[in-house]
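Asker: Residue numbers (our numbering): 2 to 206.
Note that the Cβ used here is the ideal one computed from N, Cα and C, for glycine as well.
One structure, as structure tokens, below. Some questions next.
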């Protein structure tokens with residue numbers, strides 16, 4: 002009978018989890034759905050699960066890219082056939098623990114937004130991530146929900162980790178209630194955190 006065991010964990014495209022699964026048994030596995038679980042090694046918390054279909058002859062291995070992504074370095078445990086639906090010659094070797102360490106990414110933060118005395122806009126963007134952010138870096142200026150200007154940093158060179166970028170709009174802002182700046186609105190830059198790209202201030206008098 003087959004004997005499934007995970008033998009390696011790697012980082013795939015888009016920071017996905019890639020697992021090498023080996024059939025260490027004498028029996029073949031043909032077109033069989035297998036539940037693969039990803040747990041936090043420290044406490045066994047199930048982070049995500051995916052079902053993959055395997056055709057795996059005896060003593061062969063297959064690399065499987067799971068539809069599961071992690072953004073931070075983490076000690077994880079991968080469990081193959083967690084519910085024991087596949088009859089195996091050895092049910093004790095279905096896990097592997099490893100440190101999942103995705104490559105660092107930039108993280109652009111809209112750090113400051115000011116309406117100047119001449120009613121033009123100043124924006125400060127900081128890269129708080131671990132990798133450079135390649136241009137163009139686009140910032141939308143939004144007044145009461147309507148885009149009134151688009152600023153762009155086109156280089157030369159990327160915005161280094163912990164680097165700061167100051168942009169000044171030439172558009173005079175009219176009366177309104179709220180003013181926002183949205184960094185990388187199209188998510189064209191792969192970041193470690195896309196949730197901190199906007200800042201809003203009140204400009205109501």
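Identify the continuous beta strand (DSSP E) that holds residue 32 and give its terminal residues.
Answerer: As a first step, residue 32 must be located in the chain shown, where it is residue number 31. Start and end: 30-41.
Asker: Comparing C-alpha positions only, which one of 176, 201 and 9 sits nearest to residue 97?
Answerer: Within the chain shown, numbered from 1, the residue matching residue 97 stands at position 96. Out of 176, 201 and 9, 9 has the C-alpha closest to the C-alpha of residue 97.
Asker: Between the C-alpha atoms of residue 129 and residue 103, what's the straight-line distance to the nearest angstrom?
Answerer: The sequence position of residue 129 within the chain shown is 128, counting from 1. The sequence position of residue 103 within the chain shown is 102, counting from 1. Approximately 17 Å between the Cα atoms of the pair.
Asker: Measure how close the beta-carbons of residue 106 and residue 131 come, nearest whole angstrom, since I'm counting them as under 8 Å.
Answerer: For this step, residue 106 is matched to residue 105 along the chain shown. For this step, residue 131 is matched to residue 130 along the chain shown. Contact holds; Cβ gap of about 7 Å.
Asker: Rounded to the nearest angstrom, what separates residue 141 and residue 72 at their Cα positions?
Answerer: Start at 1 with the first residue of the chain shown, and residue 141 comes out as number 140. Start at 1 with the first residue of the chain shown, and residue 72 comes out as number 71. Cα to Cα, residue 141 sits roughly 26 Å from residue 72.
Asker: Thinking just about the alpha-carbon of each residue, which of 174, 125 and 41 is nearest to the one in residue 163?
Answerer: As a first step, residue 163 is located in the chain shown; it is residue number 162 there, counting from the start. The candidate whose alpha carbon is nearest that of residue 163 is 125.
Asker: State the Cα-Cα distance for the pair residue 115 and residue 185, rounded to the nearest angstrom.
Answerer: Indexing the chain shown from 1 puts residue 115 at position 114. Indexing the chain shown from 1 puts residue 185 at position 184. For residue 115 and residue 185, the distance between alpha carbons rounds to 19 Å.
Asker: Residue 56 to residue 62, Cα distance in whole Å?
Answerer: Indexing the chain shown from 1 puts residue 56 at position 55. Indexing the chain shown from 1 puts residue 62 at position 61. Near 10 Å, if we compare the C-alpha coordinates of residue 62 and residue 56.
Asker: So, do the region 195-205 and the region 164-173 have three or more beta carbon pairs nearer to each other than 8 Å?
Answerer: Contact between the region 195-205 and the region 164-173 is absent, because fewer than three Cβ pairs lie under 8 Å.
Asker: What residues are listed by DSSP as bridge partners for residue 167?
Answerer: Numbered from its first residue, the chain shown carries residue 167 at position 166. DSSP output for residue 167 lists 125 as bridge partner(s).
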